[in-house]
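The sequence shown begins at 1119 in my numbering and counts up by one. Don't be surprised by glycine CBs; every beta carbon is placed ideally from N, CA and C. Fair warning: this is a prediction, and the values are worked out from it, not measured in the lab.
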Amino acid sequence: MTRNRNDHFSSAWLIQTVTVCLLTALPYIAEAQEGEPLDAPIKFSARDSLVLHFDSESGDRGTLAGNASVSYEAVTLSAYFVDLLLEQDELAAYGLATDSGLVGTPIFSEGGETLTGSQLAYNIGTGRGRVTAARTQFEEGFIQAGIAKVREDSTIFIQDGLYTTCNCAPDETPSYSLRARRMKIVDQKWVYTGPIQLYIFNIPMPLWLPFGFLPYQEGRRSGLLAPEYGEDERGFFLRNWGWYFALSDRMDAQIRLGLWTKGSWQANPSFRYNRRDAFSGNLNVDYLQERSGERDDPDLVKRRSLSFRWNHNQTFSPKSRLSANVNLTSSTYLRTVSNQYSDNVRQSIGSSIQFNRTFRGGRSISLSMRQRQVVSTGSVDLTFPQLSFSQSTKTPFKREAGGRNQRWYERLQYSITSRMNNQYEFRPLSDEELIANGDTLANGQPVDYPWYEALFNEEKYQAATGKTDGRIRFTAQHRIPIAAPFAIRRIPLLGSVRLNLAPNANYTEEWFVTSERRQLKADGSTETTAEQGFFALRQFNAGVSANTTIYGLFPVKLGTYEGLRHTVRPRLGFSYRPDFGSDAWGYTRPLLDETGQPVADTLATGIVPRRYSIVSGVQTGLQKALSFGIDNTFETKQVQIDSTGSDQTRVLKLFTVNLSSSYNLAADSLRMAPIRISARTNILGKFNINFSSTFSPYKLSTDGRRITNDYVFSLRDFAIARLTQLSVRGSMQLRGNVRTRTEDTSTLAPTMPQFGTSPPPFTGGTNNLFSSPGMTGGMQSWSLNLSFVYQISRPQLVLRRSATINTGFNFTLTPTWRVQGQTGYDFERKQLVTTTLNLAKEFECWNMSFRWIPFGAFQSWGFNLHVKSGRLAEFLRFQQPRADRNRGFRGGI
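And the structure:
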């Protein structure tokens, strides 16, 4: 490529001209700064030219043209044109107007703060600036201003300000904005405003606040939490407002409050802490003082709901660890306060605190507390403290040198497990029983004694449960299993088939500090009293088990599938356990009547007194059980040759079939246990089928109410056993093509979870369908899940049958439209089961979702339209819920 000589001449002339101009301008710049010397040099550059104008009347001026830039300390101005007002110590920047728009938009930068506008002015001496039609961005939002004035302390005063999260062009109107006549940005941390109003495009909306402030600095910082507002059966509310405390890099806290116009209030403090490789956890308390109804209404409801949740994990050393998961939540909170569906249907609540310490030689010790509460009945089981010790499997006679030819006693192994418990059981009486006992309030309602009050008050425990003894029960259990597994490498007649044998014995010992004594009353009831004193329950059992593996190969070929391998794993075992319910062991007593005479057992043959166990856990009945089973696995091999000639072979499991049962030689009747058959297969890696069934080998009586001792097996009737239970389950998942989106415009899905998330937007509990990162980062265009369950239960003559099919679907219709739902059909009841439908639309600045549950306990519908901004999502939203469960919900902005 050749260049014209004139081009070389022009470039050289331009360089010489700029150089001469700069040399000429230096004396003037120095003269302008003689009064107040500058703290740093002024650096400037331009792509095209520097033109100097010398005028004694208006002042000397220099103009930089073409990607001009001027820097002084931390301040930088860049634009297409920059004017140097030499005598006023000022800089002015502006762009080049063209038919296609403004070229070289002015940009003002100082200490990470960036402002753009149509015109910029900056005084080097005072450090103050002025931006016309200014625009700046922080975090997920944008601020636009008619005029922005920058002071030397980085404070920015804004006239005719506008805040939005819509990333639109400066000359375009955002779909929504918050506008104020005056705004102020202080220390690059906070934005303060005067009266502020919501605008949809350029239309003012009737949402106005006397003042406002927003956090400007990115990252964690203390500040106000935006409220959520609406209306429900408690009245109009402002909830989830409060303050966030950024205490340090390792901990933070927040408190959220809620107020209702009918007198209800809520407080929700939270605390988080985390120290890397040491400990982490969080504490959450939610208290609601609820008032539902009018003040003079006889049906006025007042109640308190509490939820206390604490999670903690701490590692003291590689061998010591503490973990805690405490959940103390009232049933009222789960049913009426929480908006999470999992809480609404929860049946039990559990808590645990555990400390573990391991030692050399496989020994470990743990100290724990466990609590479980059944929501529907109020029953509570509390174990505190629970001290456990365990010794992993040891081989005490094994030689250190080892070797292949081990002696039989070298294979002897044992382990030890010990556990000591303090158990508290709380089984409250029903309301009818409490009223019958006279435990009522002044209004006639039954007294509700919480389990934790009854734990420390014996009178309340007796009134709530009707029990007069045994509030706290101490038990200890020790278990020592012993085994000596070995293998026989060759079996006569079967050749080199490996037979695995495992003789075993188990010894358990339990300690009690109380035992029971029962007496049959004249009215037929049984009176139970507790006897104090140490009692040890010692039990044992022994047995032997054997198993082997046999392979069968069938040379069949079907397409790319070659061979069929049948793997058979038969197993056989025998176990012995004495009858610890007999009088010889001393663990049972005969039941006596009020005269002291033993009560006869009507179910036994002959005159035999009825016996009862004086402690729990006594294993009654002699056992000489022969157990057997067989597992079958069918596999094939798929052989494929790729384009390079390499062998791509893989083994495919076709299906499995398992059978098991047992036979008690010591039983006087019904010696054979039910026969269980199960099977499983996976078709093409997508369709799973699970089959399970139970067969009884015995016939039913003529009336079908009891099982006889006669076998069903009959060659003449082609009968083997009687079906009592059958279950067939299948599932299938289908997926469509992957649709990838290159830009994630959603701000609802941060990579790290926010500290405090607001409740779901409407009843029924659902997150926005676009809150998943997968929605914008490579989502399958569609997916379909199908499952079915068919069950038969026939323990007697009555046949119970159920058949249901369920489906769930997820369709991404377009990059911004998504449909999701689930439904099912019960063929026996001939009705639909739980059905939900979710529809979501993603706009540039908004998210819209619709959820519908057409019937059932949580029948509801909800429409939600809110901005994408996580900061304003709960504040700027339109929500319209209605639910049968909370009919007071009427919605509104």
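Report yes if the CB atom of residue i is closer than 7 Å to the CB atom of residue j, and no otherwise.
i	j	result
Ser1449	Val1493	yes
Ser1779	Ala1791	yes
Glu1258	Ser1987	yes
Glu1191	Ala1158	yes
Asn1392	Arg1439	no
Ile1598	Ile1534	yes
Leu1844	Phe1813	no
Val1937	Asp1944	no
Val1498	Gln1504	no
Leu1770	Met1850	no
Leu1202	Phe1226	no
Leu1617	Thr1685	no
Trp1326	Leu1342	no
Identify which residue in the options has its Cα closest to the Cα of residue i.
i	options	result
Arg1297	Asn1827, Ser1901, Trp1308, Gly1279	Gly1279
Gly1588	Glu1649, Ala1605, Ile1600, Arg1636	Glu1649
Glu1175	Glu1205, Ser1187, Glu1270	Glu1205
Asn1185	Val1169, Thr1223, Trp1308, Pro1159	Thr1223
Arg1427	Asp1760, Leu1452, Phe1836	Leu1452
Arg1853	Asn1429, Leu1619, Asn1928	Asn1928
Leu1619	Glu1628, Arg1607, Glu1627	Arg1607
Gln1432	Phe1544, Asn1241, Asn1400, Lys1742	Asn1400
Leu1983	Arg1969, Arg1834, Asn1429	Arg1969
Trp1569	Glu1543, Val1769, Ser1410	Glu1543
Arg1390	Arg1616, Asn1429, Ile1825, Leu1375	Asn1429
Val1916	Asp1821, Ala1975, Glu1946, Arg1545	Asp1821
Arg1525	Asp1549, Asp1641, Leu1365, Phe1604	Phe1604
Thr1922	Leu1168, Lys1948, Met1487, Pro1716	Lys1948
Val1726	Asp1166, Ala1572, Gly1496, Leu1709	Leu1709
Arg1422	Asn1965, Trp1383, Arg1179, Leu1690	Trp1383
Arg1768	Thr1720, Ile1825, Tyr1679	Tyr1679
Tell me, which residues are paired with residue i by DSSP?
i	result
Thr1501	Arg1488, Gln1541
Ser1731	Thr1706
Ser1366	Note: Ser1366 sits in no beta bridge, so no partner.
Asn1624	Pro1599, Asn1659
Thr1932	Trp1935
Tyr1943	Ile1923, Leu1950
Met1301	Ile1276, Thr1311
Ile1838	Looking at the DSSP assignment, Ile1838 forms no beta bridge with any residue, so it has no partner.
Phe1604	Leu1619
Going by beta carbon distance, what residues of the same chain come within less than 8 Å of residue i, once the five residues before and after it are set aside?
i	result
Phe1199	Thr1181, Leu1182, Ala1183, Ala1186, Ala1211, Tyr1212, Gly1213, Leu1214, Gly1222
Arg1481	Phe1507, Ser1508, Gln1509, Ser1510
Asp1584	The residue you asked about is not Asp; residue 1584 is Gly in the sequence shown. Excluding sequence neighbours, Gly1584 sits near Leu1547, Glu1551, Asn1555.
Asn1540	Thr1501, Phe1502, Pro1503, Gln1504, Ile1590, Arg1591, Phe1592
Thr1934	Lys1959, Glu1960, Phe1961
Using a Cβ-Cβ cutoff of less than 6 Å, which residues in the same chain neighbour residue i once the five nearest sequence positions on both sides are dropped?
i	result
Leu1994	Val1985
Ile1748	Pro1688, Leu1777
Thr1774	Thr1751, Arg1798
Arg1695	Asn1659, Gln1741
Ile1910	Leu1844, Arg1919
Leu1955	Gly1939, Trp1970
Asn1443	Asn1429, Ser1470
Gly1264	Gln1277, Asp1278
Pro1292	Thr1282, Cys1284, Cys1286
Leu1744	Phe1692, Tyr1781
Asp1786	none
With a CB to CB cut of under 7 Å and the five nearest residues on each side skipped, what residues in its chain are close to residue i?
i	result
Val1515	Residue identity check: residue 1515 is Phe in the sequence provided, not Val. Cβ neighbours of Phe1515 beyond the five flanking positions: Tyr1527, Glu1528, Leu1530.
Gln1657	Thr1626, Phe1698, Gln1737
Pro1871	Caution is warranted here: a pLDDT of 35 is assigned to Pro1871, below 50, making its placement in the model unreliable, and no coordinate value can be reported.
Phe1836	none
Asn1806	Asn1800, Gly1848, Ser1849
Ile1553	Pro1564
Mind the definition here: the segment 1245-1253 touches the segment 1228-1237 only if three or more C-beta pairs lie below 8 Å; say whether that holds.
yes
Would you call the segment 1368-1386 and the segment 1352-1360 touching, i.e. three or more CB-CB distances under 8 Å?
yes
Contact between the segment 1757-1764 and the segment 1637-1654: three or more CB pairs below 8 Å?
no
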